[in-house]
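Take a look at the structure set out below.
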Amino acid sequence: MFNHKTPFRRGLNIGVQYSYDFKVSDFWHVRPGIHFNYTQTGLDFYNLLWGDQLNPSGTPVGTIEIPLDRSYPDVDFGTSVLTYTERLWFGVDVAHLLRPNISLYKNEDERLPVKLSVFGGYQIIHKGNLLKPVDESLSTAFLFKRQGLINQLDLGLYWYKNPLVFGFWYRGLPIFNEERLGDAIAFLVGYKIEQFSVGYSYDFTISQLLLNSHGSHEISLIYEFTTTRKKTKRHMVPCPEF
């Protein structure tokens, strides 16, 4: 569940997703999934200041009539499918199939466009065996997104040498927009021992927002819980863990 509120806008999102793994051959697995989402958006009119509330006397006098219905609920649905082998993964995700209304005034022209995502990757180097974790790997990855008239292609590279991982992403390759260099360049470094992982990433902005943004930092701490049940062979997607 995600609950978000600003001084002027409030919203609520509750989602449920489910996926199942199918083994279609000795090497290939398919994992379809579905996602249902309930969303509710609105305005907090009591925190808004209108033009007719400003007067020289300093006493606010408002003539704006606050509507009775200030919150608008809607539902959404998405679906995805992922196929993978020991060294390759490829998937497609389609979100916002029901095109929920994101307008604060329930304007039918402001429905969220359908979002298409195509992603995948391949492990160029894979050193290890099924009986123990991978000792070293070099992976490439890509992510293509299309929503409305906007297209974006991201490319990434990961190198893992137990227990260290280094990553690099170029977001927004100028293939679909020759007028800009891209969105951002991201660097990542991580350290993993058994069930515990710590990572740091830095996004350096290269778009027109460069003068107004100095990039962003992110630190992640991950702990994987284990159970006492009998260990079985798990079907793991070969994508990087960070």
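Per our numbering, the very first residue in the sequence shown carries number 179; after that it's consecutive.
Backbone N, C-alpha and C fix where the C-beta goes; we use that ideal spot for every residue, glycine too.
Three-pair Cβ contact test at 8 angstroms for the stretch 249-259 versus the stretch 312-324: With contact defined as three or more Cβ pairs closer than 8 angstroms, the stretch 249-259 and the stretch 312-324 are not in contact.
Boundaries (first-last residue) of the beta strand (DSSP E) holding residue 329: 328-339
Outcome for residue 206 when other beta-carbon atoms lying within 10 angstroms are tallied against a minimum of 16: exposed
Of the listed residues 384, 214 and 305, nearest to residue 274 (C-alpha basis): 214
Helix, strand or coil at residue 152 according to DSSP, with G and I counted as helix: Given a span of 179 to 420 for the chain in the structure shown, any question on residue 152 remains unanswerable.
Alpha-carbon spacing of residue 367 relative to residue 276, whole angstroms: 38 angstroms
For residue 167, the three-state DSSP class (helix, strand or coil): Missing from the structure shown is residue 167; the chain here goes from 179 to 420 and no further.
Same chain, Cβ closer than 6 angstroms to residue 210, five either side skipped, listed in chain order: 259
Member of 304, 291 and 347 whose CA lies at the smallest distance from the CA of residue 328: 291
Within 8 angstroms, strictly: CB atoms of residue 416 and residue 267: yes
Proximity of residue 250 and residue 219 at Cβ, strictly below 8 angstroms: In this structure, residue 219 lies closer than 8 angstroms to residue 250 by Cβ.
Opposing strand residues paired with residue 305 [DSSP bridges]: 314
Collapsed DSSP secondary structure at residue 198 in the structure displayed: Here residue 198 sits in coil by DSSP.
Sequence-distant residues of its chain with Cβ nearer than 6 angstroms to residue 396 (five each side left out): 379
Distance between residue 381 and residue 252 (C-alpha atoms, nearest Å): 33 angstroms
Chain-order list of residues whose beta-carbon lies under 6 angstroms from that of residue 293 (same chain, five-residue window excluded): 273, 274 and 325
Beta carbon of residue 265 nearer than 8 angstroms to that of residue 300: yes
Strand pairing of residue 249, partner residues [DSSP]: 220
Top-ranked residue by Cα proximity to residue 284, from 344, 190, 199 and 221: 221
Residues near residue 305 in its chain [Cβ-Cβ closer than 6 angstroms; skip 5 each side]: Excluding residues within five positions, the ones whose Cβ falls inside 6 angstroms are 313 and 314.
Under the three-state DSSP convention, the category residue 410 falls into: Any reading at residue 410 must be qualified, since the residue scores a pLDDT of 47, below 50, and its modelled position is unreliable; the value itself is stated next. In the structure shown, the three-state DSSP call for residue 410 is coil.
Residue 343 burial status per 10 Å Cβ neighbour count (16 or more: buried): buried
Residues near residue 339 in its chain [Cβ-Cβ closer than 7 angstroms; skip 5 each side]: 314
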